[in-house]
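Trainee: Chains as they are written, first to last, in this note's numbering: chain U, 1 to 207; chain R, 1 to 207. Yeah, the Cβ is synthetic: ideal placement off N, Cα and C, and Gly gets one too. Okay, handing you the structure first.
Number of protein chains: 2
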Amino acid sequence: MISSASDAKRQAILKAATRMFLAQGYRTVSMEKIAQAAPVSKATLYNHFDSKNALLAGVIAETCESLLQTMTLIRIDEGDMESTLNKIAASFVELIFSEKALSIHRLIIAESREFPELSRLFYSTGPQAALTQLAENLQQLKNKGQFQDVDSFFSADVFFSLLKGDLYLQCLLGIKPLPATEEKQRWIEQVVSFYMRGMDTTTWRNK
Amino acid sequence: MISSASDAKRQAILKAATRMFLAQGYRTVSMEKIAQAAPVSKATLYNHFDSKNALLAGVIAETCESLLQTMTLIRIDEGDMESTLNKIAASFVELIFSEKALSIHRLIIAESREFPELSRLFYSTGPQAALTQLAENLQQLKNKGQFQDVDSFFSADVFFSLLKGDLYLQCLLGIKPLPATEEKQRWIEQVVSFYMRGMDTTTWRNK
DNA sequence: GTCTATAGATCGATAGAC
DNA sequence: GTCTATCGATCTATAGAC
C-alpha cells in the first residue's frame, strides 16, 4: 500500500506542475522550480515521475479529464431546437474561452512536434469527444423531425467552428482578453441564428 | 555600403533559421546549429542579429510577408456570387493547409507568451489582413445586390471559420496529414453550399 | 521516501586574433 | 566581417546520506 503522505506529495507535484506548465509553458519551467513550488526536493520529484516528459503527460491527461467534466451533458428531450442549440453553445463557449482550456491548447500545440501522442490524447478526449457528442445530439433532433441534414458530423463541425470564430484565434494568441458574459451571449445568438438558417430544412430540400 | 558578401551571409542565416525554426521550433534549435547550417560562425551570426529573439523576429516577419503574397487578389467584377466565393475559398484553403503556414502558426502560438508583439505582428499581417480583404469583397457583392448582410466582418469571419473546420485543428496538431487536392475541393463545395444557404437573402429578410 | 550536492551536457553570448 | 575558443549560466537527471 502506498502511504497517503506519498500520495499527497504526488498530488502536490501534479498541481504545481499543472499550474506552472499552463502559465509559463513546458520549456521555460524547470524541474527545479516545480520542486520548489510543490514543495519537494528534486529527488522526490523524480521518484514520482521518471522524467520531465512523463510529468507533462500526467499534467495533460489530468487537465483534459478535468476539462471534459465541465462540458455539461445536454438533454435534448425537452425544448425546441433553438433552445437546445443555445444550451449546447453556452456550455461550449464557456469551456473554450476559459483560461485553462486556452492554456492547455497552447501547450499542446507548442509541444505537438515532440510529443505527438499527447496531441492525439488531447484531441480524442477533448475536441473529438465534444464533436461526437454534438453529432449524436443532432442525430436525435433529426429523428424527432426538428432537423434534417445529410451528415451529422459535418453539422457538428460547422456549429463548433462558427462558435470559435476569429475571436478564438485572438484569444489563443493572447492578443485579446477573454470575452465577458454579455459578449459571449451576443456572439452565441448571432451564431445560432446563422446556423439555423443554414440548416433550415426548407432551403435544404431546395438544394 | 554593405558588401554583397555580407548580405549573402545574412540571407543564408535567415534561410537556415527559418527552415529550422519552422521544422523544429524555437527552443529546440540552438544558435550553434543555425550557424552550422548557414554555414557561418556563431560570431558572424551575432554580428547580423543581436540575439536569438531578434533572429526569431526576422524569421516571423519575412515568413508572414512571403505567405501573404500567396493569397491571390480576387476580382469580384466578373462572375456570380458562388463562383467568386469558390475562388476566394480555394485561395484561402490552399494557404492555410500548407506546411509552411501551419508551421508558422504553431511557432507563433508556442512563443506567444514570451513574445506578444510577434503574435500581434502575425495576426495583423496574416489572419486580420485576410479577414479585412474578404469583408471588403463581401461589401462590394452587397452593393451589387447579389448579397445582403448586416455585418460584412461577421460574414467574413463565418466564411473563414467554416473553411477551417475541425480539420484545421487536426492538421495543426499534426495528427492528420494535409488534405489532398480532391479532398480540399469537396470540402470547399460543402462549405460554400452551406454558407450560401445561411446568407440567403430571402431567409435573411425573414429574420 | 526524502533530502543535499553534484555530475554531465548544452546553451546564449562574447573576447580576441586576423 | 569573420573566425576559433571559451565563459558563465542553466538545465535534466542521479549518487549517496539519512
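Name the chain U residues that come within less than 7 Å of GLY25(R), Cβ to Cβ?
Mentor: Near GLY25(R) (Cβ distances below 7 Å), the residues of chain U are ARG113.
Trainee: For GLN133(R) and chain U, any beta-carbon pair shorter than 8 Å?
Mentor: No, because no Cβ of chain U sits closer than 8 Å to the Cβ of GLN133(R).
Trainee: Where do the N-terminal and C-terminal ends of the alpha helix (DSSP H) with GLN69(U) fall, by residue?
Mentor: Run containing GLN69(U): none; DSSP gives neither H nor E here.
Trainee: Could you work out which residues of chain U lie near ALA37(R), taking near to mean beta carbons separated by less than 8 Å?
Mentor: Here the premise fails: no neighbours, minimum Cβ distance about 18 Å.
Trainee: Quick one, are the C-beta atoms of LEU163(R) and SER152(R) less than 8 Å apart?
Mentor: Taking 8 Å as the Cβ cut-off, LEU163(R) and SER152(R) do not qualify as a contacting pair.
Trainee: May I ask you to check if the CB of ALA135(R) is nearer than 7 Å to at least one heavy atom of the ligand SAM?
Mentor: The ligand SAM is absent from the structure shown, which contains no ligand whatsoever.
Trainee: Just checking my contact of SER119(U) with ILE104(U) at CB under 8 Å: how many whole Å lie between their CB atoms?
Mentor: Not really, about 12 Å apart at Cβ, beyond 8 Å.
Trainee: Helix, strand or coil: how does DSSP classify GLY145(R) here?
Mentor: Three-state DSSP puts GLY145(R) in coil, outside helix and strand.
Trainee: For the pair the segment 140 to 151 of chain R and the segment 53 to 65 of chain U, tell me if three or more CB-CB distances fall below 8 Å.
Mentor: At 8 Å Cβ cutoff, the stretches do not touch.
Trainee: Spell out a yes or no on whether the segment 92 to 103 of chain U and the segment 38 to 48 of chain U are touching, meaning 3 or more CB-CB pairs, one atom from each, closer than 8 Å.
Mentor: In short, these stretches do not touch, since the Cβ pair count stays below three.
Trainee: Using a Cβ-Cβ cut-off of 7 Å (strictly less than) and excluding sequence neighbours within five positions of THR70(U), which residues of its own chain qualify?
Mentor: Around THR70(U): LEU95.
Trainee: Could I get the ranges of all uninterrupted alpha helix (DSSP H) runs contained in the segment 153 to 191 of chain U, with 4 residues as the minimum, in chain order?
Mentor: Whole alpha helix (DSSP H) segments, 4+ residues: zero.
Trainee: Less than 8 Å separating the beta-carbons of ALA129(U) and LEU68(U)?
Mentor: Going by C-beta atoms, ALA129(U) is nearer than 8 Å to LEU68(U).
Trainee: Less than 8 Å between the beta carbons of CYS64(U) and GLY126(U), yes or no?
Mentor: A contact, by the Cβ cut-off of 8 Å.
Trainee: In whole angstroms, give me the CA-to-CA distance for SER124(R) and ILE175(U).
Mentor: Distance between the alpha carbons of SER124(R) and ILE175(U): 10 Å.
Trainee: With a threshold of 6 Å on Cβ separation, who are the neighbours of ALA180(R) within its own chain once the five nearest residues in sequence on each side are excluded?
Mentor: Taken in chain order, the list of residues that qualify is empty.
Trainee: What is the residue span of the alpha helix (DSSP H) that SER119(U) lies within?
Mentor: Per DSSP, SER119(U) belongs to the alpha helix (DSSP H) from 116 to 125.
Trainee: Are three or more beta carbon pairs between the segment 12 to 24 of chain R and the segment 181 to 192 of chain U nearer than 8 Å?
Mentor: Not touching, per the Cβ criterion.
Trainee: Can you pull the chain U residues whose beta carbon is under 9 Å from the beta carbon of ILE88(R), in chain order?
Mentor: Neighbours of ILE88(R) on chain U: none; closest Cβ ~16 Å, over 9 Å.
Trainee: Just the C-alpha distance for GLY198(R) and SER98(U), rounded to the nearest angstrom, thanks.
Mentor: Taking the straight line joining both Cα atoms gives about 29 Å.
Trainee: Do you know offhand how far GLU111(U)'s Cα is from LYS144(U)'s?
Mentor: Distance between the alpha carbons of GLU111(U) and LYS144(U) is about 43 Å.
Trainee: So if I threshold CB-CB distances at 8 Å, which residues from the segment 136 to 164 of chain R count as touching chain U?
Mentor: Here the close residues are PHE154, ASP157, VAL158, PHE160, SER161, LEU162 and LYS164.
Trainee: Anything in chain U within Cβ reach of SER119(R), meaning under 8 Å, just list it in chain order.
Mentor: The contacting residues are LEU173, GLY174 and ILE175.
Trainee: Ordered along the chain, which non-local residues of its own chain (more than five positions away) have a Cβ less than 8 Å from that of MET196(U)?
Mentor: Here the set comprises MET81, GLU82 and LEU85.
Trainee: Could you tell me the alpha carbon to alpha carbon distance between GLU78(U) and GLU182(U), rounded to whole angstroms?
Mentor: Roughly 25 Å between the two C-alpha positions.
Trainee: How is VAL29(U) classed by DSSP in three states: helix, strand or coil?
Mentor: If DSSP states are grouped into helix, strand and coil, VAL29(U) belongs with coil.
Trainee: SER98(R) by DSSP, collapsed to three states: which one?
Mentor: SER98(R): coil per DSSP, three-state reduction.
Trainee: Assuming LEU43(R) is part of the alpha helix (DSSP H), what are its boundary residues?
Mentor: Just to set this straight, residue 43(R) is Ala in the shown sequence, not Leu. Where ALA43(R) is concerned, the enclosing alpha helix (DSSP H) stretches over 42 to 48.
Trainee: Can you grab the Cα-Cα spacing for the pair GLN146(U) / ALA90(R), in whole Å?
Mentor: C-alpha separation (whole angstroms): 33 Å.
Trainee: If you check the beta carbons only, do LEU134(R) and PHE159(R) fall under 8 Å apart?
Mentor: Against a cut-off of 8 Å, the Cβ pair of PHE159(R) and LEU134(R) comes out as a contact.
Trainee: Taking Cβ to Cβ, would you say ASP157(R) is nearer than 8 Å to ASP157(U)?
Mentor: No. Outside cutoff.
Trainee: Anyone know if the C-beta pair for LYS87(U) and LEU22(U) falls short of 8 Å?
Mentor: No, they are not a contact pair.
Trainee: For LEU45(R), count the other beta carbons within 10 Å of its own beta carbon; 16 or more makes it buried, fewer makes it exposed. Which is it?
Mentor: Flag for LEU45(R) reads buried.
Trainee: Is the CB of ARG106(U) under 8 Å away from at least one CB in chain R?
Mentor: Yes, because at least one Cβ of chain R sits closer than 8 Å to the Cβ of ARG106(U).
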